[in-house]
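To start, the structure itself, in structure tokens.
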Amino acid sequence: MGAIHQSQIAIGNYHYVSWSFEYFLDSVKKIGVENIELWGAKPHFCVDDQNQESVGEFRKQIEEKGLNLICFCPEQNTYPIDISTANEAIRRRSIEHMKRAIQITSWLGTKQMLLCPGNGYVDEPEDEIWERCYRSVTELAGTAADCGVCLMLETQSQEESLFMNSVEDQKRMLQDVGHPNVKAMLDTVQLAQFDQDIKGNFKVLGAGMIHHIHLGNTLVQERTWHERQGTKRLQKGRRVTGHIGFREGNVPLGQYLDQLADEKYEGYITIEICQRAYFLEAHKYAKEAFDYVAACI
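Residue numbers (my numbering): 2 to 298.
Here it is in structure tokens:
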């Protein structure tokens, strides 16, 4: 049996948006964590605002605090970015935006960038969404290879993406693209939605394909009677409430960490909290989450 070490834990700035970036860095240091994950969105870091010089200054700020940036996550859901949309103008603009983000990832000095699958319309065949995503990811993989970056493709909840929700979907896309610079990441909130666990995902994907973990909690609930009366296509998995505090949801995080240890996982694990309820007391909830993890490992 392996073990998960504190040196594998990172904290993302996702719920620090009411605080300065320097406060976020100092908070992580105070908690005792050495790794961070950067969410590329306002107010801290927007892709469109950056050039090589500004990115260099940002990188310097991180390194002067003695911290290690382990992954860049450019915002891809709430921005007008969608690599799988049927609107070709938006899809092309999205691809160019993500190519820019890949370049910025290399300037930041990290080798991992998170990639979301995008979305389509409810009233179009799922195969058409899939094909557009496949073409987009394949094109982005070439840029990633040129920049020495590995793209971490994640699944998403039913509410965020219509077509890449399960580990089976994830495996199929990775096989279709078949590029060494595109790997899998696991998000425990998505796992919980489909009543899956770490062990099951490792079995489907294989340990060599899984390069990053988002450790998040949520409240998993069965779908309501009204939800079950709707379109069957929109009833994949159970209902989740996003990435909430580590002591408030019902995801078996301790079990997941034990399973990562059993699989001898050696990559990074980012604590992810995203909900607005935690913005004003960001340090408190990050420390609470880290203490929870530390007690488990």
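Positions of the beta carbon are idealized from the N, C-alpha and C atoms, including for glycine.
Because the structure is a prediction, the values reported are computed rather than measured.
Ordered along the chain, which non-local residues of its own chain (more than five positions away) have a Cβ less than 7 Å from that of arginine 248? Translated into the one-based positions of the sequence shown, residue 248 becomes position 247. The residues are Glu289, Tyr293.
Do glycine 119 and phenylalanine 73 have their CB atoms nearer than 8 Å? Along the sequence shown, read from residue 1 onward, the residue named residue 119 stands at position 118. Along the sequence shown, read from residue 1 onward, the residue named residue 73 stands at position 72. Not closer than 8 Å, so no.
As a quick exercise: from Ile82, Asn182, Glu23, Glu97, pick the residue whose alpha carbon is nearest that of glutamate 65. Position 64 of the sequence shown, counting from 1, holds the residue named residue 65. Among Ile82, Asn182, Glu23, Glu97, the Cα nearest to that of glutamate 65 belongs to Glu23.
Beta-bridge partners of phenylalanine 73, as assigned by DSSP: Taking the first residue of the sequence shown as 1, we reach residue 73 at position 72. In DSSP, phenylalanine 73 forms a bridge with Leu39, Met114.
Can you tell me where the beta strand (DSSP E) with isoleucine 10 in it begins and where it stops? Here residue 10 refers to the residue found at position 9 when the sequence shown is read from its first residue. That run of the beta strand (DSSP E) goes 10-13.
DSSP state of methionine 174, grouped into three classes? Here the question's residue 174 lines up with position 173 in the sequence shown. DSSP places methionine 174 in helix when its eight states are reduced to three.
Every unbroken alpha helix (DSSP H) within the region 199-278, with a cutoff of 4 residues, ordered by chain: 199-206, 226-229, 254-263
Can you give the Cα-Cα distance for glutamate 58 and leucine 254, rounded to whole angstroms? The sequence position of residue 58 within the sequence shown is 57, counting from 1. The sequence position of residue 254 within the sequence shown is 253, counting from 1. Distance between the alpha carbons of glutamate 58 and leucine 254: 36 Å.
Looking at the unbroken alpha helix (DSSP H) that takes in lysine 285, where does it start and where does it end? Indexing the sequence shown from 1 puts residue 285 at position 284. Unbroken alpha helix (DSSP H) run through lysine 285: 283-297.
Ignore the nearest five residues each way along the sequence and tell me which others in leucine 220's own chain have a CB closer than 8 Å to its CB. Residue 220 sits at position 219 when you count from the first residue of the sequence shown. Within the same chain, leucine 220 has close Cβ partners Val241, Thr242, Ile245, Glu249, Gly250, Asn251.
Contact test: histidine 6 Cβ vs the ligand SAM heavy atom, cutoff 7 Å: Only the bare structure without any ligand can be found here, which leaves the ligand SAM out of the picture.
With a threshold of 16 other CB atoms inside 10 Å of the CB of glutamine 159, please say whether the residue is buried or exposed. For this step, residue 159 is matched to residue 158 along the sequence shown. Result: buried.
Once the 5 residues before and after serine 107 are set aside, which same chain residues still bring their CB inside 8 Å of it? Counting from one through the sequence shown, the residue named residue 107 turns up at place 106. Result list for serine 107: Cys148, Gly149, Val150, in chain order.
Alpha carbon to alpha carbon, what distance is there between glutamate 127 and aspartate 263? Residue 263 sits at position 262 when you count from the first residue of the sequence shown. Residue 127 sits at position 126 when you count from the first residue of the sequence shown. Between aspartate 263 and glutamate 127, the C-alpha separation is close to 36 Å.
Can you give me the C-alpha to C-alpha distance between threonine 156 and aspartate 83, rounded to a whole angstrom? Indexing the sequence shown from 1 puts residue 156 at position 155. Indexing the sequence shown from 1 puts residue 83 at position 82. If I take the Cα positions, the gap works out to 14 Å.
Excluding five sequence neighbours on each side, which residues of the same chain lie with their C-beta closer than 6 Å to the C-beta of leucine 216? Locating residue 216 in the sequence shown gives position 215, where the first residue counts as 1. Same-chain partners within the cutoff: Thr189, Ile270, Ile272.
So, at 8 Å on beta carbons, what are the nonlocal neighbours of lysine 43 in its own chain, with the 5 sequence-adjacent residues on each side left out? Walking along the sequence shown from the start, residue 43 turns up at place 42. Closer than 8 Å at the Cβ level, and outside the excluded window around lysine 43, lie Val18.
Boundaries of the beta strand (DSSP E) in which cysteine 151 is found, first to last residue: The residue given as residue 151 occupies position 150 in the sequence shown. 151-154 is the extent of the beta strand (DSSP E) around cysteine 151.
The alpha helix (DSSP H) spanning lysine 30 covers which residue range? If you number the sequence shown from 1, residue 30 lands on position 29. Segment 22-32, the alpha helix (DSSP H) holding lysine 30.
Arginine 321 versus serine 85: straight-line alpha-carbon distance, rounded: Because the chain is modelled from 2 through 298, residue 321 falls outside the range shown and cannot be assessed.
Residue(s) in a DSSP beta bridge with valine 168: For this step, residue 168 is matched to residue 167 along the sequence shown. In the DSSP output, where bridge partners are listed per residue, valine 168 has none listed.
Count the C-beta pairs between the region 199-214 and the region 157-176 that are closer than 8 Å, then say yes if the count reaches three, no if not. yes
What are the partner residues of lysine 184, as DSSP defines its beta bridges? By one-based count along the sequence shown, residue 184 stands at place 183. Paired residue(s): Met153.
To the nearest angstrom, how far is it from the Cα of leucine 39 to the Cα of glycine 13? Here residue 39 corresponds to residue number 38 of the sequence shown, with the count starting at 1. Here residue 13 corresponds to residue number 12 of the sequence shown, with the count starting at 1. Looking at the two C-alpha atoms, the distance is approximately 6 Å.
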